[in-house]
Amino acid sequence: MENVNTLPSDPRDHKRYYFHETRTRRVTVAVLRCFAWFIMKIEARGVENLPAEGGAILACNHVTNFDIFPMQLGISRPIFFMAKEELLRNPIVEYILRKGGVFPVYRGQKDEWAKRHTEKVLEHGQVLGLFPEGTRSKGRGLRTAKTGAARFAIKLGCPIVPMAVDGTHQVLRSFPKRGRVTVTLGEPIYFQPEEGALALTDRMMFAIADMLPSDLKGVYAEKPLGYDI
Numbered sequence: 000m001e002n003v004n005t006l007p008s009d010p011r012d013h014k015r016y017y018f019h020e021t022r023t024r025r026v027t028v029a030v031l032r033c034f035a036w037f038i039m040k041i042e043a044r045g046v047e048n049l050p051a052e053g054g055a056i057l058a059c060n061h062v063t064n065f066d067i068f069p070m071q072l073g074i075s076r077p078i079f080f081m082a083k084e085e086l087l088r089n090p091i092v093e094y095i096l097r098k099g100g101v102f103p104v105y106r107g108q109k110d111e112w113a114k115r116h117t118e119k120v121l122e123h124g125q126v127l128g129l130f131p132e133g134t135r136s137k138g139r140g141l142r143t144a145k146t147g148a149a150r151f152a153i154k155l156g157c158p159i160v161p162m163a164v165d166g167t168h169q170v171l172r173s174f175p176k177r178g179r180v181t182v183t184l185g186e187p188i189y190f191q192p193e194e195g196a197l198a199l200t201d202r203m204m205f206a207i208a209d210m211l212p213s214d215l216k217g218v219y220a221e222k223p224l225g226y227d228i
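Written out as structure tokens, the structure is:
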């Protein structure tokens, strides 16, 4: 008799995803570091705020598609990213990204596979890179964040490390001169028993806003009266 409770097979289950730093990833990052040197000067601040080991969520503002490069090149630990499925349709690109710890998510729907894989990344003690806004701001300031990062932090008991990236939206405009990009990491944020996902999300986003220039703070430019991170 057929088990009606069996979950349907997901094609992603037939591929291998990695929870460690592969040789392909090390080579790719080395190549990217050389390429990035020609177009941007990366200044990383507060890198000591990222725990040296254990699962952690690196929550960053999202200005352009270039953000992932200074994010990764600014720290020593590998970052595992969730990427929209459309970016992994080319088999060569998909292979390189998958070897690099990137995994796909189907946006606009409840993707249980991506949710489970995200939890596995943290359970394996790795750094998960997330953009809480869900989409690029294109230099127009922070947008209202989704609560996904906070929910993972609460469920897995891991810290959220706020990260602010500034300057990626100016890189191509300044070319051939190297653009200056600043990456700043704030102190880890831990879930408090009395707060929910929305309150934790607000703390995370105000922490990110505090590290950004005024033109990029967006909807988190002003804290409510009496608010304290």
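The numbering of the sequence shown is numbering that gives the first Met the number 0, which starts it at 0 and goes up by one. Where is the CB? At the ideal position from N, CA and C, for every residue including glycine.
- Within the same chain, Cβ atoms closer than 6 Å to the Cβ of Thr21 are found at Lys98, the five residues on either side in sequence being excluded.
- Nearest to Trp36 by C-alpha distance, out of Leu155, Phe130, Arg179 and Leu224, is Arg179.
- Linking Ala220 to Thr167 through their CA atoms gives a straight-line distance of about 20 Å.
- Thr117: member of the alpha helix (DSSP H) spanning Glu111 to Glu122, first to last residue.
- Per DSSP, the unbroken beta strand (DSSP E) holding Lys40 starts and ends at Met39 to Arg44.
- With a beta-carbon spacing of about 6 Å, Val164 and Met70 fall inside the 8 Å limit used to define contacts.
- The DSSP assignment places complete alpha helix (DSSP H) segments of no fewer than 4 residues inside the stretch 152-199 at 170-173, in order along the chain.
- Taken in chain order, the whole alpha helix (DSSP H) runs of length 4 or more contained in the stretch 66-151 are 67-72, 90-98 and 111-122.
- Here Arg202 is buried: its Cβ has 16 or more other Cβ atoms, across all protein chains shown, within 10 Å.
- The alpha-carbon separation between Arg177 and Ile41 amounts to approximately 10 Å.
- With contacts defined by Cβ atoms closer than 7 Å, Gly185 and Pro223 do not form a contacting pair.
- Checking the DSSP bridge columns, you'll see Leu31 has no partner listed.
- As computed with DSSP, Leu57 is found in a beta bridge with Gly128 and Val160.
- The way I'd put it, the stretch 180-199 doesn't touch the stretch 131-138; fewer than three beta-carbon pairs between them come closer than 8 Å.
- In this structure Ile207 is buried. Its beta-carbon is surrounded by 16 or more other beta-carbon atoms within 10 angstroms.
- In this structure, Val101 lies away from Ala113, with their beta-carbon atoms at least 7 Å apart.
- When secondary structure is reduced to three states using DSSP, Pro10 falls in the helix class.
- Gly225 carries a coil assignment under DSSP once its states are collapsed to helix, strand and coil.
- Gly128 has its alpha-carbon roughly 6 Å from the corresponding atom of Phe79.
- Closest in alpha carbon position to Phe190, among Arg142, Arg11, Leu155 and Ala29, is Leu155.
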